[in-house]
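Trainee: Encoded as structure tokens, here's the structure I'll be asking about.
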Amino acid sequence: MGDLLEGPATLSSLFRALHVERQSALRQQDVLRHWLDDHDPNKSLRISLRANGFGLLLNEFDAAHPHHN
113 MGDLLEGPAT LSSLFRALHV ERQSALRQQD VLRHWLDDHD PNKSLRISLR ANGFGLLLNE
173 FDAAHPHHN
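So the mapping is simple: my numbering equals the position in the sequence shown, first residue as 1, plus 112.
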């Protein structure tokens with residue numbers, strides 16, 4: 113139950129929840145950018161995002177939300 117409160121722990125679990133796990137990388141990036149507009153990724157998701165090549169989106173998020181770093 114704590115996982116639901118904290119959000120997804122990995123990029124793959126987030127993509128499954130958003131139903132984009134089989135979409136193109138560009139589509140995934142677009143969906144992820146919109147998801148980040150309304151959500152603050154937890155530490156484990158941040159690690160997964162960076163490990164899977166989405167670190168630039170985190171940089172954008174952190175620049176727009178400096179208090180969430």
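We treat Cβ as the ideally placed atom computed from N, Cα and C, and that holds for glycine.
Applying the 10 Å Cβ sphere with the 16-neighbour rule, what's the burial state of L116?
Mentor: Unreliable positioning characterises L116 in this predicted model, as indicated by a pLDDT of 46, which lies under 50. The coordinate reading is nonetheless provided below. Flag for L116 reads exposed.
Trainee: To the nearest angstrom, report how far apart S156 and E118 are at their CA atoms.
Mentor: If you take the alpha carbons of S156 and E118, they lie about 10 Å apart.
Trainee: Can you give me the start and stop residues for the alpha helix (DSSP H) that E172 sits inside?
Mentor: Here the alpha helix (DSSP H) through E172 covers G167 to A176.
Trainee: Measuring CB to CB, does N154 end up less than 9 Å from A175?
Mentor: No, the pair does not count as a contact, with Cβ atoms beyond the cut-off.
Trainee: Looking at the structure shown, is A121 part of a helix, part of a strand, or coil, going by DSSP?
Mentor: The answer is coil: DSSP assigns A121 none of H, G, I, E or B.
Trainee: Secondary structure at Q141, three-state DSSP: helix, strand or coil?
Mentor: Q141 falls in the helix class under three-state DSSP.
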